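S.K.:
Protein chains: 2
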Amino acid sequence: MSTPSAAQSAAQPAAKSAAQPARRGPYAKSRQRRESIVAAAYAVFAAHGYRGGSLQDVADKVGMSQTSLLHYFPSKRDLLLAVLHQRDTITQDGTPRDPEQTLADAVVRQARFNETVPGVIELYTVLCAESVTDNHPGLEYFTERYERLRRSYLRAFTALADEGRLRPGVDPGRAAASLIALWDGIQTQWLMAPERIDMAGCLRDYLDLVVLPA
Amino acid sequence: MSTPSAAQSAAQPAAKSAAQPARRGPYAKSRQRRESIVAAAYAVFAAHGYRGGSLQDVADKVGMSQTSLLHYFPSKRDLLLAVLHQRDTITQDGTPRDPEQTLADAVVRQARFNETVPGVIELYTVLCAESVTDNHPGLEYFTERYERLRRSYLRAFTALADEGRLRPGVDPGRAAASLIALWDGIQTQWLMAPERIDMAGCLRDYLDLVVLPA
DNA sequence: GTCTATACGCTGATAGAC
DNA sequence: GTCTATCAGCGTATAGAC
């Protein structure tokens, strides 16, 4: 689900060792450069937020001047959108891809995976809340993401309800919003006390409450 | 639960019209001034975050120069701590005060109240996530708040479990963290789409799942 | 207590040489 | 494409007159 306005982001990761010369111009090198910039920006925005992170920080990390960085991304805003779009390619947000896989399994699996990728949870948590301030460039991305996610989980819960596998009295719509909310909130607590919070356990608990065994 | 380090914040709101002269010096006026500064800072930090909000914004809002503001709060950090401490006096975080009151009733009541106070939810959501960046001055406040809240709800769920009113299989500790997480997360979604999200309903749903009727 | 003046750093972004 | 130089602005905080 790519945001249409984010035209900056690279298409697919190509082979690192560019054996054959690129068909038209030095696009391969440029794309590689862009990827490393986005990776650096990812880390900077995760650690300092959008407002707190500077282009200089990103440029230092990638080993280039701040003005050269602006050659690839004409503004800080564009860089943020590229980072957010790149995030989508990492995460699948717990939607089961394998039809055999349970919703709970997909969610728990994704939650466990996120724990292992440094910065993923931090970037998401920090930027999401920051985006409700001002005229933050990330607001549209997060608003659309929430709507999309709620629709996705609503479909999943509705399907379960049709099979009679949703606990009686549970509203699919509110359950969808609640699952997302629980996930987001538990990530925040986990960031502050990773050893005390069992993210996957809390998500599993909730889904075991809502979804009846097959 | 006042943070010990926040020595800045005023004690109790006094009568606005200071009829009798203050006993020692112009303390009353000064306190009033401090309160209006904190109120302005509350709004500014809610709308722009800590990093995004400037002392100039606060000073403009309260109608004084930025340097005069620093006379009352020697640094931006001190001002933030005063704002966070003031937040505690507004919110009770859904702990039942009346022993007759259900946990669910207390939570739902607080959630409904928070909706009516502009900026309360926004300030909390924005600053909480922002505090996990950098060496943000608010981190200690939110970390301690989470620990305190988890202990509080753990007690409540444990007491319910002793009465046999906790659904079998529910872990009181994870339920405490989950309730807080759900609350935080649903507030974020509500900020982005207030008309689509039923905060109180989601919280009620969760507690109805976890707590058995009396 | 309140102000002006100001120090001093950092910000994102532009111009233009190479 | 990459750089240096630079702009114009804003940030917090300090010094000191009144």
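Keeping their order, the protein sequence lines are chains W and E. Taking the UniProt record's numbering, the leading residue of the first sequence gets 1, the next gets one more, and so forth. Taking the UniProt record's numbering, the leading residue of the second sequence gets 1, the next gets one more, and so forth. Note that beta-carbon positions come from the ideal geometry of N, C-alpha and C, so glycine has one too. Given the structure is predicted, the values throughout are model-derived calculations rather than measurements.
(1) Assign tyrosine 27(E) to one of two classes, buried (16 or more other C-beta atoms within 10 Å of its C-beta) or exposed (fewer than that).
(2) Checking 8 Å against the spacing of the C-beta atoms, do leucine 139(E) and arginine 87(E) come in under that value?
(3) Which whole-angstrom value describes the C-beta separation of alanine 177(E) and isoleucine 197(W), a residue pair presumed to lie in contact below a C-beta threshold of 8 Å?
(4) Please list, in chain order, all residues of the same chain as valine 83(E) whose beta carbon is under 7 Å from its beta carbon, the five residues on each side excluded.
(5) At least one CB of chain E closer than 8 Å to the CB of threonine 184(W): is that the case?
(6) Would you tell me roughly how many angstroms separate the C-alpha atoms of leucine 182(E) and aspartate 60(E), rounded to the nearest one?
(7) Among all the DSSP beta bridges, which residues are the ones paired with valine 211(E)?
(8) Taking C-beta pairs closer than 7 Å, name the residues in chain W that glutamate 122(E) reaches, listed in chain order.
(9) Residues in its own chain within less than 8 Å of residue 217(W) by CB, not counting five upstream and five downstream?
(10) Say whether chain W places a C-beta atom closer than 8 Å to the C-beta of alanine 181(E).
(11) Out of Ile186(W), Lys29(W) and Pro74(W), which has the shortest C-alpha to C-alpha gap to isoleucine 121(W)?
(12) Could you tell me the alpha carbon to alpha carbon distance between lysine 29(E) and serine 68(E), rounded to whole angstroms?
(13) Return yes when the Cβ of valine 210(E) is within less than 8 Å of the Cβ of arginine 167(E), no when it is not.
(14) Could you pull out every residue in the same chain whose Cβ sits closer than 6 Å to the Cβ of glycine 94(E), ignoring the five residues on either side in sequence?
(15) Can a CB atom of chain W be found closer than 8 Å to the CB of alanine 47(E)?
(16) Does DSSP classify histidine 71(W) as helix, strand or coil?
(17) Identify the continuous alpha helix (DSSP H) that holds histidine 85(W) and give its terminal residues.
(18) Determine the burial state of valine 117(W): buried for a count of at least 16 other Cβ atoms within 10 Å of its Cβ, exposed for fewer.
(19) Which one of Tyr141(W), Thr143(W), Arg174(W) and Phe142(W) has the shortest CA to CA distance from alanine 156(W)?
(20) What's the C-alpha gap between arginine 150(E) and threonine 158(E)?
(21) Between the beta-carbon of glutamine 66(W) and the beta-carbon of leucine 81(W), is there less than 8 Å?
(22) Nearest to asparagine 135(W) by CA position, among Met192(E), Gln92(E) and Val58(E), is which residue?
(23) When the Cα atoms are used, what is the spatial distance from alanine 214(W) to leucine 207(W)?
(24) When you compare each of Ala161(E), Trp190(E) and Pro194(E) to leucine 212(E) by their alpha carbons, which one comes out closest?
(25) Helix, strand or coil for glutamate 195(E)? Go by DSSP, reduced to three states.
(26) With a CB to CB cut of under 8 Å and the five nearest residues on each side skipped, what residues in its chain are close to arginine 51(E)?
(27) Rounded to whole angstroms, what is the Cα-Cα separation between aspartate 184(E) and glycine 169(W)?
(28) Can you find the residues in the same chain that come closer than 7 Å, C-beta to C-beta, to lysine 76(E), ignoring five residues on each side of it along the sequence?
(29) Give a yes or no on whether 8 Å exceeds the smallest Cβ distance from arginine 151(W) to chain E.
(30) Where does arginine 151(W) sit, in a helix, a strand or coil, going by DSSP?
(31) Can the beta-carbon of cysteine 128(W) be found less than 8 Å from the beta-carbon of phenylalanine 142(W)?
(32) Indicate, with yes or no, if the ligand HEM has a heavy atom lying under 7 Å from the CB of alanine 59(W).
(33) To test your reading of the DSSP string, which unbroken alpha helix (DSSP H) runs of 4 or more residues are found completely within the segment 114 to 152 of chain E?
(34) So what's glutamine 101(W) in DSSP terms, helix, strand or just coil?
M.R.: According to the structure shown:
(1) Position 27 of the second sequence holds residue 27(E). Exposed.
(2) For this step, residue 139(E) is matched to residue 139 along the second sequence. For this step, residue 87(E) is matched to residue 87 along the second sequence. No, these two residues do not count as a Cβ contact at 8 Å.
(3) For the purposes of this step, residue 177(E) is taken as the residue at position 177 of the second sequence. For the purposes of this step, residue 197(W) is taken as the residue at position 197 of the first sequence. Sure, about 6 Å apart at Cβ, within 8 Å.
(4) Along the second sequence, read from residue 1 onward, the residue named residue 83(E) stands at position 83. Same-chain partners within the cutoff: Val38, Ala41, Tyr42 and Phe45.
(5) Locating residue 184(W) in the first sequence gives position 184, where the first residue counts as 1. The amino acid at residue 184(W) is misidentified as threonine; the sequence shows aspartate. By this cut-off, aspartate 184(W) is an interface position.
(6) The count along the second sequence starts at 1 and reaches residue 182(E) at position 182. The count along the second sequence starts at 1 and reaches residue 60(E) at position 60. Roughly 37 Å separates the two Cα atoms.
(7) Here residue 211(E) refers to the residue found at position 211 of the second sequence. Per DSSP, Leu166(E).
(8) One-based indexing of the second sequence puts residue 122(E) at position 122. The answer, in chain order, is Val132.
(9) No information on residue 217(W) is available, as it lies outside the stretch 1 to 214 that chain W covers here.
(10) Your numbering for residue 181(E) matches position 181 in the second sequence. Interface criterion met: the Cβ of alanine 181(E) is under 8 Å from a Cβ in chain W.
(11) Here residue 121(W) refers to the residue found at position 121 when the first sequence is read from its first residue. Ranking the options by Cα distance to isoleucine 121(W), first place goes to Ile186(W).
(12) By 1-based counting over the second sequence, the position of residue 29(E) is 29. By 1-based counting over the second sequence, the position of residue 68(E) is 68. Roughly 15 Å between the two C-alpha positions.
(13) For the purposes of this step, residue 167(E) is taken as the residue at position 167 of the second sequence. For the purposes of this step, residue 210(E) is taken as the residue at position 210 of the second sequence. In this structure, valine 210(E) lies closer than 8 Å to arginine 167(E) by Cβ.
(14) Looking up residue 94(E) in the second sequence gives position 94. Ala106, Val107 and Gln110, listed in sequence order.
(15) Counting from one through the second sequence, the residue named residue 47(E) turns up at place 47. So yes, alanine 47(E) belongs to the interface.
(16) Taking the first sequence and counting its residues from 1, the one referred to as residue 71(W) is at position 71. Helix, per DSSP.
(17) Residue numbering aside, residue 85(W) sits at position 85 when the first sequence is read from its first letter. From DSSP, the alpha helix (DSSP H) with histidine 85(W) extends over 76 to 90.
(18) Within the first sequence, residue 117(W) is the residue found at index 117, counting from 1. So valine 117(W) ends up on the exposed side.
(19) Stepping through the first sequence from its first residue, residue 156(W) is reached at position 156. Cα-wise, what sits closest to alanine 156(W) is Arg174(W).
(20) Against the second sequence, residue 150(E) aligns to sequence position 150. Against the second sequence, residue 158(E) aligns to sequence position 158. Each residue's Cα considered, the two are about 12 Å apart.
(21) For the purposes of this step, residue 66(W) is identified with residue 66 of the first sequence, where counting begins at 1. For the purposes of this step, residue 81(W) is identified with residue 81 of the first sequence, where counting begins at 1. Cβ distance not < 8 Å, so glutamine 66(W) and leucine 81(W) don't count as in contact.
(22) As a working note, residue 135(W) is residue 135 in the first sequence. With distances taken between Cα atoms, asparagine 135(W) lies closest to Met192(E).
(23) Along the first sequence, read from residue 1 onward, the residue named residue 214(W) stands at position 214. Along the first sequence, read from residue 1 onward, the residue named residue 207(W) stands at position 207. Alanine 214(W) and leucine 207(W): Cα-Cα distance of roughly 13 Å.
(24) In the second sequence, counting from the first residue as 1, residue 212(E) sits at position 212. The residue with the shortest Cα to Cα distance from leucine 212(E) is Ala161(E).
(25) If you number the second sequence from 1, residue 195(E) lands on position 195. Here glutamate 195(E) sits in coil by DSSP.
(26) Residue numbering aside, residue 51(E) sits at position 51 when the second sequence is read from its first letter. Excluding sequence neighbours, arginine 51(E) sits near Glu130.
(27) As a first step, residue 184(E) must be located in the second sequence, where it is residue number 184. As a first step, residue 169(W) must be located in the first sequence, where it is residue number 169. Straight across, the Cα-Cα distance linking aspartate 184(E) with glycine 169(W) is about 23 Å.
(28) Here residue 76(E) refers to the residue found at position 76 of the second sequence. Excluding residues within five positions, the ones whose Cβ falls inside 7 Å are Leu55.
(29) For this step, residue 151(W) is matched to residue 151 along the first sequence. Chain E contact via Cβ: absent.
(30) One-based indexing of the first sequence puts residue 151(W) at position 151. Residue state, collapsed to three classes: helix.
(31) In the first sequence, the residue the question calls residue 128(W) occupies position 128. In the first sequence, the residue the question calls residue 142(W) occupies position 142. Yes, the Cβ-Cβ distance between cysteine 128(W) and phenylalanine 142(W) is below 8 Å.
(32) Here there are no bound small molecules, and the ligand HEM is not part of this structure.
(33) 120 to 130
(34) For the purposes of this step, residue 101(W) is taken as residue 101 along the first sequence, with counting starting at 1. Three-state result, glutamine 101(W): coil.
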